[in-house]
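Under the working numbering, the letters of the sequence shown match residues 271 to 579, in that order. The C-beta atom is built at its ideal place from N, Cα and C for all residues, glycine as well. If you're wondering where the values come from, they're calculated on a predicted model, not measured in any experiment. Structure first, then comments.
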Amino acid sequence: MTQSSAIALPASIDQTMAMLEAHDYLAGRSLATVLFLALKLKRPLFLEGDAGVGKTEIAKVVARALGRELIRLQCYEGLDISSAVYEWNYPAQMLDIRLAEAEGVRDRSRLEGDLFSEKHLIRRPVLQALSAHAGGAPVFLIDELDRTDEAFEAFLLEILSDYQVTIPELGTIKAAEPPIVIITTNRTREVHDALKRRCLYHWVDYPTSVTELEIIRRKVPNCNERLAREIVAYVQQLRTLDLFKNPGIAETIDWATALTELDRVALDPETISDTIGALLKFQDDIARINGSEGRKTLDAVKAELLATG
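Structural data, given as structure tokens:
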């Protein structure tokens, strides 16, 4: 990515909303405000919410909109420094040792200096995010932080404090320009307050029916208008049923896409039963919806849409 591809940061909340909307992300003013402030103040943005509400997509959209590289650290249980920050290319180091021995090199300090140099350093997401980028500071997405343990969280806290890491063999590497940091969590566990204090916080909720309908119109433009309205109303109703896993926005789009490919123009019990796997991902939820409760939900949706025209 070249320097010319970088785009100036938005100068106002309205410009931030327009920037997101131009890339088909429909954000409320509160989200646009906290994102604008995070960019303006160079503070990490901490996004919390249920899985599937569009937290990760925000980072992707910001990267595209600003012409920045997106660097993603996908968190998981057991994530360690070698996977997240850096590691040495041991096979290449061993090859250099064998070549040095074959050439009769005996200078130990010279050999060590060559082995632990940049050419053998494998940069993982954290170090990549702190490195210089021609197109400006990258967007650094730390995705699903709640999946890691508290030890890694404490390590991350140190990085976000000074935007630097220390590699014993090379010294301290500090970012010339702090990356745009976006942290997401599905709240499977509480993240320590010390880390949250260094961030601007926003709870990302499910969209309103009006917003979700507009998302369908943009993401599945061939979807029949009546079908789109029924899909959104049905999904909105499902989210009130306390399912094991509520359908997210991505699932709504997938369902609308599937039904459009099947040339459906309206919902009916058989269609829902045949395609519900595009929307719900747990058998208990599917069994519940395929029963009488699903039919009641559909009847309520039809009645609501008939009443509102």
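**OP:** Tell me whether G324 is buried or exposed, calling it buried when 16 or more other Cβ atoms sit within 10 Å of its Cβ.
**Re:** buried
Original post:
DSSP beta-bridge partners for H472?
Top reply: L317
**OP:** Count the other C-beta atoms from every protein chain shown that fall within 10 angstroms of the C-beta of Y471, then say buried if there are 16 or more, exposed otherwise.
**Re:** exposed
Subject >> Alpha-carbon spacing of E521 relative to A362, whole angstroms >> reply: 44 angstroms
Original post:
Secondary structure at S274, three-state DSSP: helix, strand or coil?
Top reply: Model confidence at S274 stands at a pLDDT of 42, short of 50, so the residue's coordinates are unreliable; what they give is reported in the following sentence. S274 falls in the helix class under three-state DSSP.
Subject >> Where E357 falls: helix, strand or coil (DSSP) >> reply: strand
Original post:
Do you know offhand how far I501's Cα is from D294's?
Top reply: 19 angstroms
Original post:
Just curious, the alpha helix (DSSP H) that V396 is in, first and last residue?
Top reply: P395 to L400
Original post:
Per the contact definition of three or more C-beta pairs closer than 8 angstroms, is the stretch 276-294 in contact with the stretch 429-441?
Top reply: no
Original post:
DSSP beta-bridge partners for V581?
Top reply: Since the first and last residues shown for the chain are 271 and 579, residue 581 lies out of range.
Subject >> Straight-line Cα distance separating T303 from I310 >> reply: Strictly speaking, residue 310 in this sequence is Lys, with Ile absent from that position. Between K310 and T303, the C-alpha separation is close to 10 angstroms.
Original post:
How far does the alpha helix (DSSP H) with T510 in it reach, from first residue to last?
Top reply: Note, T510: premise wrong, no alpha helix (DSSP H); not H, not E.
Subject >> Continuous beta strand (DSSP E) stretch holding L349: start and end >> reply: Careful: L349 lies outside any beta strand (DSSP E) and carries neither H nor E.
Original post:
Roughly how far, in whole angstroms, is the beta-carbon of I453 from the beta-carbon of F316, given that I think they are within contact range, below 8 angstroms?
Top reply: 5 angstroms
Original post:
Which word fits A329, buried or exposed, when buried means at least 16 other C-beta atoms lie within 10 angstroms of its C-beta?
Top reply: buried
Original post:
Taking DSSP as the reference, what is the three-state secondary structure of T595?
Top reply: This structure does not reach residue 595, given that the chain is present from 271 up to 579, and the question cannot be answered.
**OP:** Can you tell me which of G298, Y433 and H390 puts its alpha carbon nearest to the alpha carbon of R313?
**Re:** Y433
Subject >> Endpoints, the beta strand (DSSP E) within which V304 is located >> reply: That residue, V304, is in no beta strand (DSSP E); its alpha helix (DSSP H) goes R299 to L311.
Original post:
How is R342 classed by DSSP in three states: helix, strand or coil?
Top reply: strand
**OP:** State the start and end residues of the unbroken beta strand (DSSP E) segment that holds V451.
**Re:** I450 to T455
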